[in-house]
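Chains as they are written, first to last, in my numbering: chain F, 25 to 528; chain H, 11 to 514.
Working notes, beginning with the structure itself.
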């Protein structure tokens, strides 16, 4: 572990190798109850309070399938243009791990509910325009989540070397859909962007379907990135690494880029790429070796005998098809037209992972341009600073629209609006509550403002003279003085009006 | 009123109904009998004296208020230790569950409680129901009341011995490959394996999920039917439970009739490998049925000969996965490995499973793990499932010609304790005639049909019916029982020797 990992510069790596991607995304469904029992799925409850004999794996307890999870799985499959199995089963994936109550995971193996689909993502080309790229979907299958282990002590936070471990089974049995792509070939140097665009699109799609909270930071959308290199596109697939739990859009892109540079260096040096699980380190932006998969784990899959086969009727599948949201490409095109955004503007929004946020902010009453402005400037900056996805910020699109409404009403200016965001993000309540609590409302009382303007004119006779001579641009200095006196809580436009009234 | 422990459940229920006796008296009489003879028989792993008496008193109070919850309200029962019983220790015959008190009831147990049956205690069994003799119980074998040196069958030997020794009028068993029927045969009692899915498996500690089926143990066909109606019927907690009304079983048992019934003698379940006395009694039973108007033909089920082999692949495969949950993490035994300062979870699991499981359990876990392994799955588990399909087809073809099939229940009478303990294959052969019904999911009953001349021990007649036609077992079984009892001048069990501690 102390050896330095050699990396090859990205451009050089791409000149010498062709990257092939594979993405496995786990989505936690937002069903009210778990996959196989009636326990609630709410995130963040006290440990081990959302459990029962079934999800604790008590002797004798049996699973009963959650029909809502099947419905969600079918809708996800259809939204990804998959075929829906006429008949499929669950299987047991057998392996021992303390956070897995039964020591097998009830999953699907060779009979997934949805298979053979595709989705089209948009990545920028050399000219900066959006270019479609088709990602083939291998399968989407249903399974149950495991519990959570908290390894205490030791340096790695992993089970080996820990002093003791705490187990929380609240998450055990939460419905998951695993969506697996076929090998993504032909992305070339855009592999990192394709990976990111795919996950971002999946997230927007799942949100539009209403089947998941898709909060990467809470683990309701988790991504494993598989990557291999080959000398050229006609060569056989190379040995892949599997980087686990890459849990932000930015990290997906970075992890792909990192693995390309790492594997290229190894292959160029005559070393082999080891088939292994790798861990992603968000802070340093590198992957490190996990367990080796040279001896493939044998999960001893067999059909789950405690559940009956699932045979969704074609009528039901068609009925569910009727509930699908607009496909991503059409959706984006429609919004772009409605919002009157340029291609570049739209790409910025999508690239920042802010499409759904902007859409919901517009739906809540803000104008598209202003919604975009807040998300891509103020909020993007804050997300970047705290290292989270935009959608993970503790502010809702409705609250963003609320801030803009305050601006529109002239009750706060842009500068104060930033302070309102501070308050909302700090958990001080709604924009209205923050304004009230922090006393942020602009002074629109003309007598108070007028007095301040008079004082400013008196204190700056030279500037006042210039304005009287018609140099209106000089008003800025007086406005600044007034704003300073009012500690920013004044409507600058009104201040300008008052100054010009007096000096014309 | 005579000895309450010698009365049938039906007669006890009638006596209760007429107010001639109280449930508290009946329950106490059985607890006294247990105290007197169970030191010799060892049918019980746990006696629930206080709990049973409390329920009995409630039943009595209900009855004085003119209420009754079921036909068996107030009639006590013994429950195999494979069933989760809230507040009553449950070990499944294994050291690995020593001290476990389930926080929930199996559906069968919940139905017994709802019907007002006092639970006398938990009966002995082979560890995790793996065996045909109870010799694999971690708590020592049960003894056959006909000859205490001999086995009472298994895995449910505790339940059959309890009923045969008049320690309980009724008992619950589970039958995975014959664990209700074979013990019934070798103890001169009645045992029924219902149609798979006819009685809920929820709360039954799974051996092999696709084979396990709970059912009644009794001393008369009518008593078994009364109990079957209490525990049977759809359970939403068991996905494999059949969503159909239970056929009128008590009515069938009361209207036993053989005239015009087409009876098929299964060629493959008899002849070579069957003890002479077993064959002789079987032939006589068939004669009796013919005389009573049955239309008897011989029927071949050619694939039954592969049943044992298929069974011993499917069962261990499912069991290896079902038993993975016993890992010391959440309940039951926890063993720390010797000489390890800070053992890892993995080391604790290994040490616990090494110490907590007996040899037969380990044998089957290893067998099942192997059979499911990658590269062997198709050859073993896959092939076994195909055999299973063929056996189902044999049954389907046979039931086109006949209403019921008959055979000896077990190839031998009760063998001596220790006789086959070192020869697993000889032990497995005990289930040769009972296994096909489990593989196909069809129902079967065993009724006593005499004593083998060579050893004076009971033999059993097995009757099999098509899936969901459990009522046929009771109609034909009750008729055969009446003919046989008439030929002996009373029930076979009356010929059993008095136990030393017993009362005349």
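Where is the CB? At the ideal position from N, CA and C, for every residue including glycine.
Where residue i meets chain F, residues with beta-carbon distance less than 7 Å
i              : result
residue 327(H) : 326
residue 136(H) : Those do not exist, as residue 136(H) stays about 16 Å from chain F at its closest Cβ, beyond 7 Å.
residue 140(H) : In chain order: nothing, as chain F lies at least about 15 Å away.
residue 248(H) : 86
residue 382(H) : 324, 326
residue 211(H) : 86
DSSP-derived helix/strand/coil call for residue i
i              : result
residue 472(H) : strand
residue 312(F) : strand
residue 166(H) : coil
residue 284(H) : coil
residue 340(F) : helix
residue 386(F) : helix
residue 513(F) : coil
residue 188(F) : strand
residue 180(H) : strand
residue 201(H) : strand
residue 122(H) : helix
residue 242(F) : helix
residue 267(F) : strand
residue 513(H) : Any reading at residue 513(H) is ruled out, since the residue's pLDDT is 41, under 50, leaving its predicted position unreliable.
residue 50(H)  : helix
residue 115(F) : strand
Given residue i as reference, the closest of the options once Cα atoms are compared
i              : options                        : result
residue 219(H) : 224(F), 332(F), 122(F)         : 332(F)
residue 306(H) : 326(H), 344(H), 417(H), 199(H) : 417(H)
residue 425(F) : 403(F), 273(F), 366(F)         : 403(F)
residue 492(H) : 100(H), 83(H), 265(H)          : 265(H)
residue 339(H) : 349(H), 356(H), 325(H)         : 356(H)
residue 255(F) : 284(F), 266(F), 272(F)         : 284(F)
residue 258(H) : 234(H), 160(H), 125(H)         : 234(H)
residue 199(F) : 368(F), 244(F), 188(F), 434(F) : 244(F)
Within chain H, partners of residue i - CB distance below 9 Å
i              : result
residue 189(F) : 355
residue 174(F) : Neighbours of residue 174(F) on chain H: none; closest Cβ ~13 Å, over 9 Å.
residue 118(F) : 330, 331, 334, 379, 382
Neighbouring residues, chain F, relative to residue i (Cβ below 8 Å)
i              : result
residue 445(H) : Under the 8 Å cutoff, chain F gives no residues; its nearest Cβ is about 17 Å from residue 445(H).
residue 215(H) : 83, 84
residue 107(H) : 83
residue 299(H) : By Cβ distance, chain F contributes nothing, its closest Cβ being about 36 Å from residue 299(H), past 8 Å.
Nearest-angstrom Cα separation, counted from residue j out to residue i
i              : j              : result
residue 240(H) : residue 503(H) : 25 Å
residue 261(H) : residue 247(H) : 28 Å
residue 5(H)   : residue 229(H) : Because residue 5(H) is not part of the residues shown, which for chain H are 11 to 514, the question remains open.
residue 477(H) : residue 388(H) : 28 Å
residue 57(H)  : residue 333(H) : 26 Å
residue 45(F)  : residue 402(H) : 46 Å
residue 199(H) : residue 442(H) : 19 Å
residue 342(F) : residue 47(F)  : 28 Å
residue 24(H)  : residue 17(H)  : 11 Å
residue 366(H) : residue 104(H) : 7 Å
residue 34(H)  : residue 66(F)  : 47 Å
residue 341(H) : residue 63(F)  : 20 Å
residue 203(F) : residue 221(F) : 15 Å
residue 409(H) : residue 481(H) : 15 Å
Contacts of residue i in chain A (Cβ-Cβ under 9 Å)
i              : result
residue 114(H) : This model lacks chain A altogether; the protein chains it does include are F and H.
Residue i CB to nearest heavy atom of the ligand PLP below 7 Å
i             : result
residue 96(H) : With respect to the ligand PLP, the structure shown offers nothing to examine, as it has no ligands at all.
Listed by chain order, chain H residues near residue i by CB distance under 7 Å
i              : result
residue 126(F) : 334, 335
residue 329(F) : 219, 220, 328
Neighbouring residues, chain H, relative to residue i (Cβ below 8 Å)
i              : result
residue 332(F) : 249, 250
residue 257(F) : The premise fails here: residue 257(F) is roughly 31 Å from chain H at the closest Cβ pair, so nothing lies under 8 Å.
Proximal chain F residues relative to residue i, where beta-carbon distance stays under 9 Å
i              : result
residue 123(H) : Within 9 Å Cβ-Cβ: nothing; residue 123(H) doesn't reach chain F, min ~16 Å.
At least 3 beta-carbon pairs within less than 8 Å: the stretch 368 to 388 of chain F vs the stretch 411 to 424 of chain F: yes
The stretch 328 to 347 of chain F in contact with the stretch 209 to 229 of chain F per 3-pair CB rule at 8 Å: no
Does the count of Cβ pairs from the stretch 267 to 279 of chain H and the stretch 408 to 423 of chain H closer than 8 Å reach three? yes
Can you find at least 3 beta carbon pairs, one from the stretch 437 to 452 of chain H and one from the stretch 204 to 211 of chain H, that sit closer than 8 Å? yes
Three Cβ pairs or more, each shorter than 8 Å: is that satisfied between the stretch 193 to 201 of chain F and the stretch 74 to 82 of chain F? yes
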